[in-house]
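Encoded as structure tokens, the structure appears first; notes follow it.
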Ligand code: SAH
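In our numbering, the protein residues as written are 25 to 275.
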């Protein structure tokens, strides 16, 4: 009885080990790359519907760009699970990737056309640059922090965004070699608009930035260059990490 019971136990343990191994293999097979792709596609779809479209972003180009860019592959691994959440995330060096809605809002405000050339100041994770690159033919992006610039350049290349050009430096002076730009986006807070960027903006072009205090809140401001004049539109308050470098020295 005891022996028989022991044997049964042994057999059933072997059996359960087999079942567990089977489950493990099945589990691994279930989370195949294509499953992860499907899952993140669904997460993006939900993010676009719930956090972007439902809040009034209607530009079809912006919506489909945000449906396509794999945001989870542009944030640090530790934050991947939160990549499609409705808030900003840390990207290292005290910097943050913006909340998806803010990316949608700023991109839509630029009223981009497919043939446009766009300049971004503050590459960060490269996510905003990738969203722009889904819409236009050339994106030039400047990042002041060397490590972030290198990481973003590598990630954007591996995702196939070969028409995003990332350089490391102070974006205050823009990128004169590639100017003029149809649109300029500054993704760090500044208390004034760097004059070189206004010069590098095409007539009829648009520039958007969080303008105001670099410590507290800023006003998301859209600038249009018309007949050499600037037309400003305020789009609501936001909070961005500060622009650093020359912009500070001119305070
Ligand atoms: N657009 C980014 C988020 C930007 S966070 C994204 O999609 O992830 C702001 C970025 O601006 C930070 O990476 C910061 O290092 C950078 N930055 C701050 N001052 C800058 C300057 N003067 N020139 C270029 N980049 C700057």
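Where is the CB? At the ideal position from N, CA and C, for every residue including glycine.
In this text the structure is predicted, and so the values were computed from the model without any measurement.
Indicate the three-state DSSP secondary structure (helix, strand or coil) for residue 155 in the structure shown. Walking along the chain shown from the start, residue 155 turns up at place 131. Residue 155 carries a helical assignment under DSSP once its states are collapsed to helix, strand and coil.
Based on the DSSP output, what are the partners of residue 243 in its beta bridges? Here residue 243 is taken as the residue at index 219 of the chain shown, counted from 1. In DSSP, residue 243 forms a bridge with 235, 261.
Can residue 229 and residue 255 be called in contact, C-beta distance under 8 Å? Position 205 of the chain shown, counted from the first residue, corresponds to residue 229. Position 231 of the chain shown, counted from the first residue, corresponds to residue 255. No, these two residues do not count as a Cβ contact at 8 Å.
C-alpha gap between residue 198 and residue 208, whole angstroms: For the purposes of this step, residue 198 is taken as residue 174 along the chain shown, with counting starting at 1. For the purposes of this step, residue 208 is taken as residue 184 along the chain shown, with counting starting at 1. Going by the C-alpha atoms only, they are around 9 Å apart.
Test item: CB-CB of residue 166 and residue 191 under 8 Å: As a position in the chain shown, residue 166 is number 142, starting the count at 1. As a position in the chain shown, residue 191 is number 167, starting the count at 1. The answer is yes: Cβ separation under 8 Å.
For a test of the three-state rule: what should DSSP assign to residue 211, helix, strand or coil? As a position in the chain shown, residue 211 is number 187, starting the count at 1. Residue 211 carries a coil assignment under DSSP once its states are collapsed to helix, strand and coil.
DSSP-derived helix/strand/coil call for residue 138: The residue given as residue 138 occupies position 114 in the chain shown. In the structure shown, residue 138 sits in coil (DSSP, three-state: anything other than H, G, I, E or B).
CA-CA distance, residue 101 and residue 107? Here residue 101 corresponds to residue number 77 of the chain shown, with the count starting at 1. Here residue 107 corresponds to residue number 83 of the chain shown, with the count starting at 1. Going by the C-alpha atoms only, they are around 10 Å apart.
For the pair the region 87 to 97 and the region 66 to 79, tell me if three or more CB-CB distances fall below 8 Å. Contact between the region 87 to 97 and the region 66 to 79 is present: three or more C-beta pairs spanning the two stretches fall below 8 Å.
Hey, would you say the C-beta of residue 179 is under 7 Å away from at least one heavy atom of the ligand SAH? For the purposes of this step, residue 179 is taken as the residue at position 155 of the chain shown. Distance from the C-beta of residue 179 to the nearest heavy atom of the ligand SAH is not below 7 Å.
Quick check on the DSSP output: the beta strand (DSSP E) that includes residue 188 runs from which residue to which? Against the chain shown, residue 188 aligns to sequence position 164. 188 to 192 is the span of the beta strand (DSSP E), which, as asked, contains residue 188.
Within this structure, are the beta carbons of residue 163 and residue 206 separated by less than 8 Å? On the chain shown, residue 163 is found 139 positions in, with the first residue counted as 1. On the chain shown, residue 206 is found 182 positions in, with the first residue counted as 1. Residue 206 sits away from residue 163, with the two beta carbons spaced by 8 Å or more.
CB residue 129 to CB residue 120, shorter than 8 Å? Start at 1 with the first residue of the chain shown, and residue 129 comes out as number 105. Start at 1 with the first residue of the chain shown, and residue 120 comes out as number 96. Against a cut-off of 8 Å, the Cβ pair of residue 120 and residue 129 comes out as no contact.
In the DSSP assignment, the beta strand (DSSP E) including residue 98 goes from what residue to what residue? The residue given as residue 98 occupies position 74 in the chain shown. Segment: none, residue 98 is in no beta strand (DSSP E) and carries neither H nor E.
Residues bridged to residue 248 (per DSSP): Taking the first residue of the chain shown as position 1, residue 248 is located at position 224. According to DSSP, residue 248 bridges with 230, 255.
Please classify residue 260: is it buried, with 16 or more other beta-carbons within 10 angstroms of its beta-carbon, or exposed? Indexing the chain shown from 1 puts residue 260 at position 236. So residue 260 counts as exposed.
With which residues is residue 220 paired in a DSSP beta bridge? Counting from 1 along the chain shown, the entry for residue 220 is found at position 196. Paired residue(s): none; residue 220 is not in a bridge.
Strictly by DSSP, which residues pair up with residue 165? As a working note, residue 165 is residue 141 in the chain shown. DSSP output for residue 165 lists 144, 190 as bridge partner(s).
By Cβ distance, which residues of its chain are closer than 6 Å to residue 234, with the 5 residues on each side in sequence left out? Position 210 of the chain shown holds residue 234. Taking C-beta separations shorter than 6 Å and ignoring five residues to either side along the sequence, the partners of residue 234 in its chain run 213, 242, 244, 262, 264, following chain order.
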